[in-house]
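Asks: Residue numbers (this note's numbering): 624 to 733.
So that we are looking at the same thing, I have put the structure below in structure tokens.
Structure representation (structure tokens):
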């Protein structure tokens, strides 16, 4: 049960920080027992890296959807529309994977 710093964002995501204090169970210098306890939590008001990635991908999907609407009005862009729709599906899958990672991390400490 060694003590580590923790960083926590407003969205609930967190990560372990630096080692701070050794526990009584570990007697070797520089070694940790393997169990992590929170020594201190630093709160960040901004969003985490995963939320930033999700926002970027959401903006990209929105742009692609607007492009598809414009291309449908213009006509004669069937192949481009189909490719962009496949790209939207891939990006949506990536967003759901990132969101799943985010949720897993939130649920491990709560």
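We treat Cβ as the ideally placed atom computed from N, Cα and C, and that holds for glycine.
1. Is residue 635 helix, strand or coil by DSSP?
2. Under a three-way DSSP split, which group does residue 630 fall into?
3. Would you list the one or two residues that DSSP bridges to residue 664?
4. How close, in whole Å, do the beta carbons of residue 626 and residue 662 come, if the pair is a contact with beta carbons under 8 Å?
5. So is residue 639 buried or exposed if we call it buried at 16+ other beta carbons inside 10 Å?
6. Would DSSP call residue 709 helix, strand or coil?
Replies: The short version:
1. Looking at residue 635 - three-state DSSP - the assignment turns out to be coil, as it is neither helix nor strand.
2. Strand.
3. In DSSP, residue 664 forms a bridge with 629.
4. Confirmed, Cβ separation roughly 4 Å.
5. Result: exposed.
6. DSSP places residue 709 in helix when its eight states are reduced to three.
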